[in-house]
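Participant:
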Amino acid sequence: CLQTDYHFEYTECDSSGSRWRVAVPNPSVECSGLPDPVKGKECTFSCASGEYLEMKNQVCSKCAEGTYSLGSGIKFDEWDELPAGFSNVATFMDTAVGSAESKADSCNNSTWTPRGNYIESNRDDCTVSLIYAVHLKKSGSVFFEYQYVDNNIFFEFFIQNDQCKEMESTADKWVKLTDNGEWGSHSVTLKSGSNILYWRTTGILMGSKVVKPVLVKNITIEGVAYTSECFACKPGTFSDKPGASGCQVCPRNTYSEKGAKECTKCQEEMYYAEEGSSACTERPPCTSKDFFQIHTPCDKEGKTQIMYKWIEPKICREDLPDALSLPPSGERQDCPPCNPGFYNNNASSSCSPCPPGTFSDGTQECRACPAGTEPALGFEYKWWNILPGNMKTSCFNVGNSKCDGMNGWEVAGDHIQSGAGGSDNDYLILNLHIPGFKPPTSVTGATGAELGRITFVFETICSADCVLYFMADVNRKNTNVVESWERSKEKQSYTHIISKNASFTFTWAFQRINEGQDSRQFINDMAKIYSITVTNAVDGVASSCRACALGSEQSGSSCVPCPAGHYIEKETSQCKECPANTFLSIHQVYGREACIPCGPGSKSTKDHSACFSDCLVSYIRDNQSLNYNFSSLSQVGSLMSGPSFTSRGTKFFHFFNISLCGNE
Numbered sequence: 001c002l003q004t005d006y007h008f009e010y011t012e013c014d015s016s017g018s019r020w021r022v023a024v025p026n027p028s029v030e031c032s033g034l035p036d037p038v039k040g041k042e043c044t045f046s047c048a049s050g051e052y053l054e055m056k057n058q059v060c061s062k063c064a065e066g067t068y069s070l071g072s073g074i075k076f077d078e079w080d081e082l083p084a085g086f087s088n089v090a091t092f093m094d095t096a097v098g099s100a101e102s103k104a105d106s107c108n109n110s111t112w113t114p115r116g117n118y119i120e121s122n123r124d125d126c127t128v129s130l131i132y133a134v135h136l137k138k139s140g141s142v143f144f145e146y147q148y149v150d151n152n153i154f155f156e157f158f159i160q161n162d163q164c165k166e167m168e169s170t171a172d173k174w175v176k177l178t179d180n181g182e183w184g185s186h187s188v189t190l191k192s193g194s195n196i197l198y199w200r201t202t203g204i205l206m207g208s209k210v211v212k213p214v215l216v217k218n219i220t221i222e223g224v225a226y227t228s229e230c231f232a233c234k235p236g237t238f239s240d241k242p243g244a245s246g247c248q249v250c251p252r253n254t255y256s257e258k259g260a261k262e263c264t265k266c267q268e269e270m271y272y273a274e275e276g277s278s279a280c281t282e283r284p285p286c287t288s289k290d291f292f293q294i295h296t297p298c299d300k301e302g303k304t305q306i307m308y309k310w311i312e313p314k315i316c317r318e319d320l321p322d323a324l325s326l327p328p329s330g331e332r333q334d335c336p337p338c339n340p341g342f343y344n345n346n347a348s349s350s351c352s353p354c355p356p357g358t359f360s361d362g363t364q365e366c367r368a369c370p371a372g373t374e375p376a377l378g379f380e381y382k383w384w385n386i387l388p389g390n391m392k393t394s395c396f397n398v399g400n401s402k403c404d405g406m407n408g409w410e411v412a413g414d415h416i417q418s419g420a421g422g423s424d425n426d427y428l429i430l431n432l433h434i435p436g437f438k439p440p441t442s443v444t445g446a447t448g449a450e451l452g453r454i455t456f457v458f459e460t461i462c463s464a465d466c467v468l469y470f471m472a473d474v475n476r477k478n479t480n481v482v483e484s485w486e487r488s489k490e491k492q493s494y495t496h497i498i499s500k501n502a503s504f505t506f507t508w509a510f511q512r513i514n515e516g517q518d519s520r521q522f523i524n525d526m527a528k529i530y531s532i533t534v535t536n537a538v539d540g541v542a543s544s545c546r547a548c549a550l551g552s553e554q555s556g557s558s559c560v561p562c563p564a565g566h567y568i569e570k571e572t573s574q575c576k577e578c579p580a581n582t583f584l585s586i587h588q589v590y591g592r593e594a595c596i597p598c599g600p601g602s603k604s605t606k607d608h609s610a611c612f613s614d615c616l617v618s619y620i621r622d623n624q625s626l627n628y629n630f631s632s633l634s635q636v637g638s639l640m641s642g643p644s645f646t647s648r649g650t651k652f653f654h655f656f657n658i659s660l661c662g663n664e
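UniProt numbering applies: residue 1 is where the sequence shown begins, and numbers increase by one.
(1) To the nearest angstrom, how far is it from the Cα of residue 263 to the Cα of residue 279?
(2) So, helix, strand or coil for residue 361, using DSSP?
(3) Provide the residue span of the beta strand (DSSP E) that contains residue 409, from first to last.
(4) Give the single residue among 137, 228, 200 and 214 whose Cα lies nearest to the Cα of residue 127.
(5) Within 10 angstroms of the Cβ of residue 19, are there 16 or more other Cβ atoms? Answer buried if so, exposed if not.
(6) Compute the Euclidean distance between the alpha carbons of residue 404 and residue 431, then round it to the nearest angstrom.
(7) From this set, 194, 211 and 195, which residue's C-alpha is nearest residue 202's C-alpha?
(8) Taking 8 Å as the cut-off, decide whether the C-beta atoms of residue 69 and residue 245 are in contact.
(9) Near residue 585, which residues of its chain fall below 7 Å by C-beta distance, leaving aside the five closest residues on each side in sequence?
(10) DSSP three-state call for residue 593: helix, strand or coil?
(11) Which one of 451, 33 and 337 has the shortest CA to CA distance from residue 377?
(12) Counting pairs of Cβ atoms below 8 Å between the stretch 416 to 427 and the stretch 498 to 512, do you hit three or more?
(13) Could you pull out every residue in the same chain whose Cβ sits closer than 6 Å to the Cβ of residue 555, ignoring the five residues on either side in sequence?
(14) For residue 285, which of 216, 322 and 189 has the nearest alpha-carbon?
(15) Could you have a look at residue 605 and say whether DSSP puts it in helix, strand or coil?
(16) Please name the residue, chosen from 436, 136 and 106, that lies closest to residue 499 on a Cα-to-Cα basis.
(17) Select from 371, 339 and 269 the residue whose C-alpha is nearest the C-alpha of residue 549.
(18) Tell me which residue opens and which closes the beta strand (DSSP E) that residue 21 is part of.
(19) According to DSSP, which residues form a beta bridge with residue 668?
(20) According to the Cβ coordinates, are residue 410 and residue 238 closer than 8 Å?
(21) Assign residue 309 to one of three DSSP states: helix, strand, or coil.
(22) Could you name the residues of the same chain whose beta carbon sits closer than 7 Å to that of residue 601, not counting the 5 residues immediately before and after it, in chain order?
(23) Run the CB neighbour count on residue 640, radius 10 Å, all protein chains shown included, and call it buried at 16 or more, exposed below.
(24) Could you compute how far the alpha carbon of residue 592 sits from the alpha carbon of residue 547?
(25) Count Cβ pairs between the stretch 228 to 238 and the stretch 146 to 164 that sit closer than 8 Å; are there 3 or more?
(26) Along the chain, where does the beta strand (DSSP E) containing residue 473 start, and where does it finish?
(27) Which class does residue 287 belong to by DSSP, given the choice of helix, strand or coil?
(28) By the three-class DSSP mapping on this structure, what secondary structure does residue 293 have?
(29) Who are the near neighbours of residue 337 in its chain, counting only those whose CB is closer than 7 Å to its CB and skipping five residues on each side?
(30) According to DSSP, is residue 669 helix, strand or coil?
(31) Under the assumption that residue 335 contacts residue 303 (Cβ atoms under 8 Å), give the Cβ distance between them as a whole number of angstroms.
(32) Strictly by DSSP, which residues pair up with residue 217?
(33) Distance cutoff 8 Å, beta carbons only. Does residue 413 sit that close to anything in chain C?
(34) Does DSSP put residue 373 in a helix, in a strand, or in coil?
(35) Starting from residue 640 and walking both ways along the beta strand (DSSP E), at which residues does that stretch end?
(36) Quick check on the burial criterion: 16 or more other C-beta atoms within 10 angstroms. Buried or exposed for residue 408?
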């Protein structure tokens, strides 16, 4: 046999941890005189990262340029298709309604989907597992990065051994939520032997909200075995030094093929390439989709300029036939007025917030609130010449960094609209931070569920499957989707009630399409927000004043809180308790009309926050008074409905506490 006719392999390890190196003929080769088996390296041996085991002499050697190794590990960072060894298994929730056979096909199309740099979970309420089985020669670990922002999906990662028993190390198998746009990481130790890894997701679809899928990338498993060869760098990456443990990404306007030592420059006048490209792409002629317009801040003359800018990085050519050039910039227009609660500060040619205790409608100077009134604090943004100080905008894409640093939204006079971004599947982000909520002084003692509210007017104009998400983050813990809208939506208003005094960050995220594409097709799809109104914000400004209760002292011209169940008497501006069997409106407490009568047969609670029945009912018929006592029915009864199911079979119940009377 010639050396090219065979290769070396190790035998399985024996009970003492020993093995042999044997020569194995290559496929379709028949020859004699193979080298004799020799004692192999111990089973736990592995080379360091950047090295491979040269089997002829059983020594570690450095990987050549253009290749890399993890030593005893394997890494999955290419997700153009499902890598070898991975499998998808979709199941449905087995329920008591309907036969299992009739639902068996409902999850056939549910799967984890490769998206290039990452893999994406299902969005429906099927349970789908991404499975990988691996045999470790020694104890090791598994590490992966993920995005998990929507708690309407259950996401778990766990490990089973070859007897299908769940391992102790996966007792805490629920993966933590991440913030929008951030990649979290998760790692678990693995025992030697067979390990079956499960990434499992289940959507909980209650209503029509769009579920944001789980994303996973860069799965690395350590402890697999010795590496007898180095892996070639994938297209779009390179390694320029021997002994590399990973490959670097090719910069913009360069490319590389598989196993590259360096990246090759594109001919930039005619071609371009994104970061990590495997080839150069011909530059197209410029169209109206390659530029956008912005409004400059107001100057001292109260004018704003309309400016046109190329979308960066600019990839189109102006010198081709039918190509458009950038429209002329500089057209001057009158600036819109200041927003309510702000005034025109001539010193800085900008709008400044009114000082505490004053108010303005945005067109006049700030004025002090009259005695017996207090500022109605909040924010009302309806003019968009610059982004308000408590708002910020950003852009991110889970698959690339093209739009990092770009504005996600642009101001446009009477509205703010989604920006151009870098790709059609960018998330265009707009944030509003409110540090807390405080009801008016006069009602701080009242018991009501509403502390404040946020209302916004918006529309979406889309030719594709765009989505606008509205999200809320309480105390910077995690961001939850409050509501979402798909495709084009006519101009409409949406209100969200705040019932908790906490720090809130509200987020609007607009995505044109879910899947990335090389070309821009839907840049004209957009979301517009015309106004955002927040009531009772602790750091708010005032566009008006409202009546409040005054202290009884002579010097008491400042507002005081009314006790629970008290309204403000118009004549005296004093707090006065609501009459018996009325309850206090949570929206306004000024005047006797704020006390609303209870319905027939009911009485008010002591604090006038609600009405209830005391189990005693009087009824007059034919000049006779009939009195009924239902006290024996005053206990609270609990009732749980039978199981209900979503369209895919997820089981849920309705639970009721019922009291007919007698309980405040």
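Even for Gly, the Cβ is constructed at its ideal location relative to N, Cα and C. All values derive from a computational prediction rather than experimental measurement.
Facilitator: From the atom records:
(1) Near 10 Å, if we compare the C-alpha coordinates of residue 279 and residue 263.
(2) In the structure shown, residue 361 sits in coil (DSSP, three-state: anything other than H, G, I, E or B).
(3) From DSSP, the beta strand (DSSP E) with residue 409 extends over 409 to 411.
(4) Comparing Cα-Cα distances from residue 127 to each of 137, 228, 200 and 214, the minimum goes to 200.
(5) By the neighbour-count rule (16 or more Cβ atoms within 10 Å), residue 19 is buried.
(6) Whole-angstrom Cα-Cα distance: 16 Å.
(7) With distances taken between CA atoms, residue 202 lies nearest to 211 out of 194, 211 and 195.
(8) Yes, the pair counts as a contact, with Cβ atoms nearer than the cut-off.
(9) These residues qualify, in order along the chain: 594 and 596.
(10) The answer is helix: DSSP assigns residue 593 an H, G or I state.
(11) Considering only alpha carbons, the answer is 451.
(12) Between the stretch 416 to 427 and the stretch 498 to 512 there are three or more C-beta pairs closer than 8 Å, enough to call the two in contact.
(13) Here the model assigns residue 555 a pLDDT of 41, short of 50, so the residue's position is not dependable and the matter cannot be decided.
(14) Closest by alpha carbon: 322.
(15) Looking at residue 605 - three-state DSSP - the assignment turns out to be coil, as it is neither helix nor strand.
(16) For the options 436, 136 and 106, the alpha carbon positioned closest to that of residue 499 is the one of 436.
(17) Considering only alpha carbons, the answer is 371.
(18) Note, residue 21: beta strand (DSSP E), 20 to 25.
(19) No information on residue 668 is available, as it lies outside the stretch 1 to 664 that the chain covers here.
(20) Contact annotation: residue 410 and residue 238 have beta-carbon atoms that are not nearer than 8 Å.
(21) If DSSP states are grouped into helix, strand and coil, residue 309 belongs with the strands.
(22) Here the set comprises 613 and 617.
(23) By the 10 Å Cβ count, residue 640 comes out exposed.
(24) In a straight line, the C-alpha of residue 592 is about 13 Å away from that of residue 547.
(25) Taking 8 Å as the limit for Cβ pairs, the verdict is that the stretch 146 to 164 does not touch the stretch 228 to 238.
(26) Element bounds for residue 473: 467 to 474.
(27) Secondary structure of residue 287 (DSSP, three-state): coil.
(28) In the structure shown, the three-state DSSP call for residue 293 is strand.
(29) Cβ within range, chain order: 362, 363 and 383.
(30) Any property of residue 669 remains undetermined from this structure, which presents the chain solely from 1 to 664.
(31) Sure, about 6 Å apart at Cβ, within 8 Å.
(32) Looking at the DSSP assignment, residue 217 forms a beta bridge with 145.
(33) The structure shown contains no chain C, having only a single protein chain.
(34) When DSSP states are grouped into helix, strand and coil, residue 373 belongs to the strand group.
(35) For residue 640, the enclosing beta strand (DSSP E) begins and ends at 637 to 640.
(36) Of the residues assessed, residue 408 falls on the buried side of the cut-off, its CB having 16 or more other CB atoms within 10 angstroms.
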